[in-house]
Each structure stands twice: as C-alpha cells, then as structure tokens.
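Protein chains in written order, with my numbering: chain H, 1 to 105; chain P, 106 to 287.
Note that beta-carbon positions come from the ideal geometry of N, C-alpha and C, so glycine has one too.
Because the structure is a prediction, the values reported are computed rather than measured.
The structure under discussion appears below in the form of structure tokens.
This is how it looks when you write it as structure tokens:
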C-alpha cells in the first residue's frame, strides 16, 4: 500500500444512502423556507403566561372579597359604641393613647 | 457552485427564497457527507441535516460576510450541530466526546455497504477512531477541500494548530492502514 491508495480509498464512501434520498432532502430543506418559521422564544411565552395568571388570580381574589365579605355599614359601629359603658369607652380611649405613645415616643 | 450569485439573490427580499433554494441544491449533498462521516448512521445524519437547514434559514437574514465565508459558515453550523448530537450520545455529561467513538465504530459495522476488510471500510474505521479535533480538521481538509483559513473560521483554532492536527490525523490513518511514508 502506498500514498496513492490513501488518496483513492479515503474518497470512496463505504456507506449506503437510500435511493432518491438527496432529492427528498432538497425538497424538505426547501419546504423549510416555504413554512416561514418564526424565531421561537418558549421562555418568553412561559413568563407571559405566568405573569398573566398571577394578575388574573389577584383580580379574582379582590373581587370575591368585595362581594362575599362586604364591610359592615357605619350604623353598626355607631350602635356598638352607643351600647358601650362609660368605663369601656374610657378603656378603649386609653388603649388608643397608649398605642400612639408607643408609636411616636 | 456560484456563491456570488447566491449571495446577491439572498440580499434582496424578493429573490431571497430563490437564493435559499439555490443554496440548498448546491450544499445538501456536501453537508450530508460531512455530517455522515462524523455521525456514521444515516437516520442521525438526516435529522441533523434538517436541523442545519432550519438554522441556516433562520440566520441567513442576519448573516454578514462575503461569498467566500458562506461555505465556511454552512460547515460551521453543520459541525456544531453534529457535535451537539454526539454530546447527547455520551453516557454522562462528564464524558469526553471522544468516548462516543466506540459506539460509532459499532454502528459503522451495521451501516457499511461493503466488507469490513475492503480498503475504504478500513479507512473509515481509522477515521472514526480519531479524536474529534483531528477528525473534524481531516474531514474539512481532505474531503471538503477547505483552506486552513476557512477551517480556522469554522473551528476557531489557529492555522498552525489545524496543520498539526491534520498531520497527526494523516499519520494515524496511515499507520492503521499500514501505509509507509515515502
């Protein structure tokens, strides 16, 4: 064996290729251009779906809270205060003063 | 292959598709064999070649460069896709890509259309057994007849390193074939 064998043998491919494969491969590759594939960014879709779902959930919880647990009317508070004894009122006011003291001093 | 004509067609949106189709017709066979020599199995080559054309199509509008570098760019995508495919075949991600050579040699026996004793089969077996750095340079230089400068654009290695790798690849194949240097 000599260098000529090296040049000849290497260029001959021992592999088999199915008949008509190259025509089919060219047609497939050309079809890629016809389909006009857009650049896909799956991570961007994931983030968008996640943020939208979170916003929708917050909105639903807020609306449910408003309709299922409405704030009691003002009259209820006024009746409750009117029914309190003098001592309870004094204690409630003292609590407020005490809390304010803690807050600001 | 008239790369200048292809480039001028690709530059105009109205003729882009025509340029792309011409590119496909000109390079499908060459890229197929370049990938097949690395992956051995026809089905794997078919899948990788399809991925290559998708990448080429998506990146062609952003590609800058002359007709000369177009060929190198195509081979770069083909080689990168082939290496990524081989990486998936490794038993663990810590293995070297050269550890896949044993699997490739086993596949080769099933894939060849001639006797394993014939010269071209022995040549390919010697090529498959090479480390991938040498194998890629040998493929691009010996089969695809690219210049060292073009191979340097593809692999990112210096021309001197490529020449050394090519020399070792040739010596290794000759040793396995029993060819003595004259």
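Answer with buried or exposed for residue i, where buried requires no fewer than 16 other C-beta atoms within 10 angstroms of its C-beta.
i	result
residue 229 of chain P	buried
residue 16 of chain H	exposed
residue 205 of chain P	buried
residue 344 of chain P	No answer is possible for residue 344 of chain P: the residues shown for chain P start at 106 and end at 287.
residue 255 of chain P	buried
residue 116 of chain P	exposed
residue 149 of chain P	buried
residue 33 of chain H	buried
residue 260 of chain P	buried
Hey, quick one: how far does the alpha helix (DSSP H) through residue i stretch, first residue to last?
i	result
residue 124 of chain P	121-144
residue 241 of chain P	237-243
residue 199 of chain P	Note, residue 199 of chain P: premise wrong, no alpha helix (DSSP H); not H, not E.
residue 165 of chain P	Run containing residue 165 of chain P: none; DSSP gives neither H nor E here.
residue 15 of chain H	Segment: none, residue 15 of chain H is in no alpha helix (DSSP H) and carries neither H nor E.
residue 115 of chain P	108-116
residue 217 of chain P	Note, residue 217 of chain P: premise wrong, no alpha helix (DSSP H); not H, not E.
residue 251 of chain P	Residue 251 of chain P -> no alpha helix (DSSP H), and no H or E assigned at all.
residue 75 of chain H	74-83
residue 69 of chain H	Segment: none, residue 69 of chain H is in no alpha helix (DSSP H) and carries neither H nor E.
residue 225 of chain P	224-233
Please determine whether the Cβ atom of residue i lies at a distance below 7 Å from any heavy atom of the ligand ATP.
i	result
residue 122 of chain P	As for the ligand ATP, it is missing from this structure, which has no ligand bound.
What is the DSSP secondary structure of residue i, reduced to helix, strand or coil?
i	result
residue 284 of chain P	coil
residue 263 of chain P	coil
residue 33 of chain H	helix
residue 274 of chain P	helix
Segment contact flag, the segment 160-177 of chain P with the segment 188-207 of chain P, C-beta cutoff 8 Å, min 3 pairs: no
At least three beta-carbon pairs within less than 8 Å, the segment 184-202 of chain P to the segment 125-137 of chain P: no
The segment 231-239 of chain P touching the segment 277-284 of chain P, judged by at least three CB pairs closer than 8 Å: yes
Meets three-Cβ-pair contact criterion under 8 Å: the segment 148-163 of chain P and the segment 22-33 of chain H: yes
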